[in-house]
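So the protein sequences, as listed, match chains A and B. For what it's worth, the working numbering labels the leading residue of the first sequence as 335, then goes sequentially. For what it's worth, the working numbering labels the leading residue of the second sequence as 335, then goes sequentially. The beta-carbon is built from N, C-alpha and C at its ideal position, and this holds for glycine as well. Everything numeric in this text was worked out from a predicted model, so none of it was measured. Since the structure comes first, as C-alpha cells, the remarks are kept for the end.
Protein chains: 2
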Amino acid sequence: MDAVFKALADPSRRSLLDQLHKSNGQTLGGLCEHLDMTRQAVTKHLGLLETANLVVTVWRGREKLHYLNPVPLHEIYERWIEKYERHRLEALSDLKKGLEKIKKENDHGKD
Amino acid sequence: MDAVFKALADPSRRSLLDQLHKSNGQTLGGLCEHLDMTRQAVTKHLGLLETANLVVTVWRGREKLHYLNPVPLHEIYERWIEKYERHRLEALSDLKKGLEKIKKENDHGKD
DNA sequence: TTGACATGCAACCGTTAGGTTGCATATTCT
DNA sequence: AGAATATGCAACCTAACGGTTGCATGTCAA
Numbered sequence: 335m336d337a338v339f340k341a342l343a344d345p346s347r348r349s350l351l352d353q354l355h356k357s358n359g360q361t362l363g364g365l366c367e368h369l370d371m372t373r374q375a376v377t378k379h380l381g382l383l384e385t386a387n388l389v390v391t392v393w394r395g396r397e398k399l400h401y402l403n404p405v406p407l408h409e410i411y412e413r414w415i416e417k418y419e420r421h422r423l424e425a426l427s428d429l430k431k432g433l434e435k436i437k438k439e440n441d442h443g444k445d
Numbered sequence: 335m336d337a338v339f340k341a342l343a344d345p346s347r348r349s350l351l352d353q354l355h356k357s358n359g360q361t362l363g364g365l366c367e368h369l370d371m372t373r374q375a376v377t378k379h380l381g382l383l384e385t386a387n388l389v390v391t392v393w394r395g396r397e398k399l400h401y402l403n404p405v406p407l408h409e410i411y412e413r414w415i416e417k418y419e420r421h422r423l424e425a426l427s428d429l430k431k432g433l434e435k436i437k438k439e440n441d442h443g444k445d
C-alpha cells in the first residue's frame, strides 16, 4: 500500500500511467518518447510502478511491453478514499461547528 | 493535486489523517502523542497536509486545532481513480490478450 | 556473422525529505 | 508578575530521490 502511494507521488510516474491508460501495452522506447529525460530515468520510474504492482510487464523478443494494472488503485479507493468519503459531510460539519464555537468564545471575551 | 499525492505518500502523514478521522479537531500536542517523533517533526508533517489542503487549522487561544478536509481526497477520486476505474476490466482484458498473443508467438517459434 | 536496436546494470551527483536540537513567542493559570 | 503550557522558527544532518553517464547484454535483420 505504501509502495502504491509512493509510486503515485511523482508526476512523471503519473504521466506514465496516463500514457498507458491511453494506449496499453507500450514498449519502454515508446513510453520514453513523451518524457523529457533519459531512458534510464524512465526505466527507474517504471521499476517503481512495477514494484507497486501498478504496471505489469511482458517480454516480446527484445521488447518489454508495459500493461496497466488497475487493481492497486481500486484497493486504494476501497481501503482509503471510501473510508473518508463515508464521513465526508460529517467532517465538514465538524469543521463548521468548531469554527462557530471559537467565534462564540471570541465574542464573549470581547470588550 | 501534486501536493495532495505528495502529502499522502508518507505513512506518518496518513496516520495523522487517520487520527483526525477518529477524532476531528485535535490539537498539535494531542496529535503528537501517537507518533514516535518530536513535536517539530509532526508540525512539519501537518504543514504539508495543510498545504495540500487536507487539513484546516483554527487557533483557540494558545492551542491549534486541526480539522480534516475530505474535499481533496474526493477530487483525487473524481479526477484519478474513477477515470481508471472506468477502464478497469478493459485494462485487465488488454493484459490477458497481450499475454495470450505472446504465448502463441512463442509456441510458433518452438522446436 | 555482423551491425543495429531494445533494454539492463552500476556508479555517481545535486536536491529534497524527514528528522533532530536549540531558542523564541504567545497564552493561560496562580 | 511569574511559571507553566502550547506552539513557531531556523539551522543542521543524513538518507533517499530523481536524474545522468558509461558500458554490458540479448535479439533481430541483412
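Next item on the list: Might you give, ordered along the chain, the residues of its own chain that have their beta carbon closer than 8 Å to the beta carbon of G443 of chain A, omitting 5 neighbours on each side?
Entry: Counting from one through the first sequence, the residue named residue 443 of chain A turns up at place 109. Since pLDDT at G443 of chain A reaches only 43, below the 50 mark, its modelled position is unreliable, and no value is offered.
Item checked: Proximal residues of chain B, C-beta to C-beta of A343 of chain A below 8 Å -> Within the first sequence, numbered from 1, the residue matching residue 343 of chain A stands at position 9. By Cβ distance, chain B contributes F339, K340, L342, A343.
Notebook entry, point to check: Which of the residues in the stretch 401-423 of chain B, read from start to end, lie with their CB under 9 Å from any CB of chain A?
Noted result: Y401, L402, N403, P404, V405, L407, H408, I410, Y411, W414, I415, E416, K417, Y418, E419, H421, R422, L423
Next item on the list: Sort out for me which residues DSSP pairs H384 of chain B with in a bridge.
Entry: Position 50 of the second sequence, counted from the start, is the residue given in the question as residue 384 of chain B. With the sequence shown as reference, residue 384 of chain B is identified as Glu, and His is not the correct amino acid for it. According to DSSP, which records beta bridges pairwise, E384 of chain B is partnered with nothing at all.
Check: Among A:T377, A:V376, A:L399, A:F339, which residue has its Cα nearest to the Cα of N358 of chain A?
Finding: What you label residue 358 of chain A is simply residue 24 of the first sequence in a count that begins at 1. Considering only alpha carbons, the answer is A:L399.
Check: Name the chain A residues that come within less than 7 Å of V389 of chain B, Cβ to Cβ?
Finding: Here residue 389 of chain B is taken as the residue at index 55 of the second sequence, counted from 1. Residues of chain A passing the Cβ test: none, with the nearest at roughly 10 Å.
Next item on the list: Find out if the Cβ-Cβ distance for the pair L362 of chain B, S346 of chain B is shorter than 9 Å.
Entry: For the purposes of this step, residue 362 of chain B is taken as residue 28 along the second sequence, with counting starting at 1. For the purposes of this step, residue 346 of chain B is taken as residue 12 along the second sequence, with counting starting at 1. No, the Cβ-Cβ distance between L362 of chain B and S346 of chain B is not below 9 Å.
Item checked: Helix, strand or coil at S357 of chain A [DSSP, three-state] -> What you label residue 357 of chain A is simply residue 23 of the first sequence in a count that begins at 1. Coil.
Notebook entry, point to check: D336 of chain A versus chain B: which residues are under 7 Å apart at the beta carbon?
Noted result: In the first sequence, counting from the first residue as 1, residue 336 of chain A sits at position 2. The contacting residues are P345.
Notebook entry, point to check: Within the 9 Å Cβ cut-off, does L351 of chain B reach chain A?
Noted result: If you number the second sequence from 1, residue 351 of chain B lands on position 17. So yes, L351 of chain B belongs to the interface.
Note to self: What does the alpha-carbon distance come out to for the pair V405 of chain A and E419 of chain A?
What the structure shows: In the first sequence, counting from the first residue as 1, residue 405 of chain A sits at position 71. In the first sequence, counting from the first residue as 1, residue 419 of chain A sits at position 85. Approximately 19 Å between the Cα atoms of the pair.
Next item on the list: Could you confirm whether any beta carbon from chain A is found closer than 9 Å to the beta carbon of R348 of chain B?
Entry: Locating residue 348 of chain B in the second sequence gives position 14, where the first residue counts as 1. It does; some Cβ of chain A falls within 9 Å.
Next item on the list: Give the straight-line distance between the Cα atoms of D445 of chain B and L388 of chain B, rounded to the nearest whole angstrom.
Entry: The count along the second sequence starts at 1 and reaches residue 445 of chain B at position 111. The count along the second sequence starts at 1 and reaches residue 388 of chain B at position 54. In this prediction, D445 of chain B scores a pLDDT of 42, lower than 50, which makes its location untrustworthy; the coordinate-derived value is nonetheless stated afterwards. Going from the Cα of D445 of chain B to the Cα of L388 of chain B covers about 60 Å.
Margin query: Can you look up H421 of chain B in the DSSP assignment and give me helix, strand or coil?
Written below: Against the second sequence, residue 421 of chain B aligns to sequence position 87. Of the three classes helix, strand and coil, the one that applies to H421 of chain B here is coil, per DSSP.
Next item on the list: Please compile the residues from chain B whose C-beta is within a distance smaller than 9 Å of the C-beta of H355 of chain A.
Entry: Numbered from its first residue, the first sequence carries residue 355 of chain A at position 21. Chain B residues near H355 of chain A: K417, Y418, H421, A425.
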